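Peer 1: Residue numbers (the working numbering): 13 to 352.
From the three backbone atoms N, C-alpha and C, an ideal C-beta is built for every residue, glycine too.
Given the structure is predicted, the values throughout are model-derived calculations rather than measurements.
(1) What span of residues does the alpha helix (DSSP H) with residue 231 cover, start to end?
(2) Please classify residue 250: is it buried, with 16 or more other beta-carbons within 10 angstroms of its beta-carbon, or exposed?
(3) Give me, in chain order, the residues of the same chain whose beta-carbon lies closer than 6 Å to that of residue 219; leave out the 5 immediate sequence neighbours on both sides.
(4) So within the region 19-89, which uninterrupted beta strand (DSSP E) runs reach at least 3 residues, ignoring any that extend past its ends?
(5) Within a Cβ cutoff of 7 Å, which residues of the same chain sit near residue 118, ignoring the five residues on either side of it in sequence?
(6) Tell me which residues share the same chain as residue 189 and place their Cβ nearer than 8 Å to its Cβ, disregarding the 5 neighbours each side in the sequence.
(7) Using a Cβ distance threshold of 8 Å, determine whether the region 36-49 contacts the region 282-294, with at least three qualifying pairs required.
(8) In three-state terms, what does DSSP make of residue 103?
(9) In terms of alpha-carbon separation, which member of 16, 137, 294 lies closest to residue 302?
(10) Quick one: complete beta strand (DSSP E) runs, 3+ long, within the region 100-149?
(11) Give the straight-line distance between the Cα atoms of residue 29 and residue 274, rounded to the nearest whole angstrom.
(12) What are the boundary residues of the alpha helix (DSSP H) that residue 200 is part of?
(13) How far does the beta strand (DSSP E) with residue 156 in it extend, from its first residue to its last?
(14) Does residue 167 come out as helix, strand or coil in the three-state DSSP assignment?
(15) Is the beta carbon of residue 127 closer than 8 Å to that of residue 74?
(16) Rounded to whole angstroms, what is the Cα-Cα separation between residue 35 and residue 110?
(17) Give me, in chain order, the residues of the same chain whose beta-carbon lies closer than 6 Å to that of residue 172; leave out the 5 immediate sequence neighbours on both sides.
(18) Within the continuous beta strand (DSSP E) that includes residue 215, where are the two ends?
(19) With a cut-off of 8 Å on the beta carbons, I'd call residue 270 and residue 252 a contact; round off their distance for me.
(20) Just to check my reading of the structure: residue 300 and residue 65 have Cβ atoms closer than 8 Å, yes? What is that Cβ distance to the nearest angstrom?
(21) Under the rule that 16 or more other beta-carbon atoms within 10 Å means buried, what is residue 312, buried or exposed?
(22) Roughly how many whole angstroms lie between the Cα atoms of residue 116 and residue 149?
(23) Mind checking which residues open and close the alpha helix (DSSP H) that includes residue 271?
(24) May I have a chain-ordered list of the alpha helix (DSSP H) segments no shorter than 4 residues that lie completely inside the region 274-347?
(25) Should residue 27 go down as buried or exposed, given a rule of 16 or more other Cβ atoms within 10 Å for buried?
(26) I'd like the span of the beta strand (DSSP E) that includes residue 210, first residue to last.
(27) When the Cα atoms are used, what is the spatial distance from residue 226 to residue 286?
(28) Using the beta-carbon count (16 or more within 10 Å), is residue 101 buried or exposed?
(29) For the beta strand (DSSP E) holding residue 182, just list the boundary residues, first then last.
(30) Please report the straight-line C-alpha distance between residue 125 and residue 156, rounded to a whole angstrom.
(31) Pop quiz: residue 194 and residue 129 are said to be a contact at Cβ under 8 Å. What is the actual Cβ separation, rounded to whole angstroms?
(32) When the Cα atoms are used, what is the spatial distance from residue 113 to residue 147?
(33) Just verifying my parser: in three-state terms, what is the DSSP assignment at residue 352?
(34) Can you pull the DSSP bridge partners for residue 243?
(35) Between residue 205 and the rest of its own chain, which residues show a CB-CB distance below 6 Å, the 5 nearest in sequence each way excluded?
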């Protein structure tokens with residue numbers, strides 16, 4: 013068996029700290045997920061990532077704070093207004109605070125993400141953030157995962173206590189969703205212009221996406237200086253328009269994760285690489301971040317993903333430890349603490 017010499021040259025350069033080009037990334041993604049070339053890509057990404065981040069990992073948590081029929085009508089989401097089966101509802105602020113307190117008490121959670129649908133009550137979100145920041149003054153960072161917003165709103169979120177936002181230009185945005193590509197990019201720019209951290213991800217990856225599509229999407233996050241990148245596969249949500257297209261394997265997801273990790277060498281701001289949903293293959297392919305989830309989940313048909321698709325903090329810590337990470341990033345700092 014001979015390894016493709018083109019890949020060997022690409023990986024040799026990455027080990028010298030030279031990030032792969034767009035063409036290099038597309039070439040790495042073109043190999044079958046079970047090929048020797050893909051396995052080697054994952055191994056090198058894992059080794060480089062562990063050296064880069066000091067074999068430290070990150071646990072993050074997300075609270076889905078509302079369920080509403082979403083006008084984004086994403087063809088992969090359980091909340092799309094044309095196909096959702098979920099009964100609308102929203103968590104009360106006190107419930108959000110209690111859940112956040114429980115999550116952060118159970119382990120070294122680096123950040124708490126508050127997730128809404130695309131259309132959300134901005135003022136209510138700001139008030140919730142302010143209360144959460146008061147409750148956890150020295151605790152984890154607060155990150156929002158919401159619909160689009162402008163620069164003034166980004167600044168207001170920062171003033172309230174938000175440190176970052178998860179905002180992406182999805183694969184086939186505007187085709188598999190009813191959202192504006194221009195507006196998504198404008199929000200990403202507002203996040204950065206307001207001085208907020210940008211959390212990004214290559215998602216939602218399906219079997220139909222080409223290497224070139226994946227590369228174009230993942231480089232958006234790098235071009236805007238994201239602090240976290242990663243990869244997430246699309247889940248076959250029952251009754252969702254894209255469910256019939258199937259989903260990729262965890263092995264293919266790990267391959268994409270590895271390419272994202274290697275491409276991120278071009279971005280000095282990167283602090284961690286995620287794989288979602290968390291799994292051992294991805295966490296040994298360049299990823300070092302795992303998300304605990306509770307409340308609404310766009311990949312779940314249960315009102316509360318806890319105990320269903322969503323992992324808890326303890327499960328994330330255990331998975332990271334089993335993947336060989338020796339330290340977890342302490343909340344709201346760059347200090348690492350033992351993972352045991």
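Peer 2: In short, the structure shows the following:
(1) Residues 223-235.
(2) Result: exposed.
(3) Close CB contacts of residue 219 within its chain, under the 6 Å cut and outside five residues either way in sequence, are with 258, 260 (chain order).
(4) Taking only runs of at least 3 residues, the beta strand (DSSP E) segments lying wholly in the region 19-89 are 68-76.
(5) Sequence-distant partners of residue 118 (beyond 5 residues in either direction) whose C-beta falls short of 7 Å from its own C-beta, in its chain, are 325, 326.
(6) Cβ neighbours of residue 189 beyond the five flanking positions: 84, 85, 86, 87, 182.
(7) By the Cβ test, the region 36-49 is not in contact with the region 282-294, since fewer than three Cβ pairs between them sit closer than 8 Å.
(8) Residue state, collapsed to three classes: coil.
(9) Nearest C-alpha to residue 302: 294.
(10) Listed in chain order, they are 121-127.
(11) Their Cα atoms are separated by approximately 9 Å.
(12) 193-205 is the span of the alpha helix (DSSP H), which, as asked, contains residue 200.
(13) Note, residue 156: beta strand (DSSP E), 153-157.
(14) Correct three-state label for residue 167: helix.
(15) For the pair residue 74 and residue 127, the CB atoms are nearer than the 8 Å cut-off.
(16) Take the alpha-carbon of residue 35 and the one of residue 110: they are about 47 Å apart.
(17) Cβ neighbours of residue 172 beyond the five flanking positions: 138, 141, 142.
(18) Per DSSP, residue 215 belongs to the beta strand (DSSP E) from 214-217.
(19) Rounded, the Cβ-Cβ distance is 28 Å, inconsistent with contact.
(20) Their Cβ separation, rounded to whole angstroms, is 6 Å, which keeps residue 300 and residue 65 in contact under 8 Å.
(21) Result: buried.
(22) Near 12 Å, if we compare the C-alpha coordinates of residue 149 and residue 116.
(23) Note, residue 271: alpha helix (DSSP H), 262-275.
(24) Runs of the alpha helix (DSSP H) spanning 4 or more residues and lying entirely within the region 274-347 occur at 325-334, in chain order.
(25) Label assigned to residue 27: exposed.
(26) Start and end: 209-211.
(27) Rounded to whole angstroms, the gap between the alpha carbons of residue 226 and residue 286 is 16 Å.
(28) By the neighbour-count rule (16 or more Cβ atoms within 10 Å), residue 101 is not buried but exposed.
(29) Careful: residue 182 lies outside any beta strand (DSSP E) and carries neither H nor E.
(30) Cα-Cα distance, rounded: 5 Å.
(31) Not really, about 20 Å apart at Cβ, beyond 8 Å.
(32) The alpha-carbon atoms of residue 113 and residue 147 are separated by roughly 8 Å.
(33) Note that residue 352 scores a pLDDT of 49, beneath 50, so its modelled location is shaky; the value from the coordinates is reported in the next line. Residue state, collapsed to three classes: coil.
(34) Bridge partners of residue 243 according to DSSP: 214, 287.
(35) 163, listed in sequence order.
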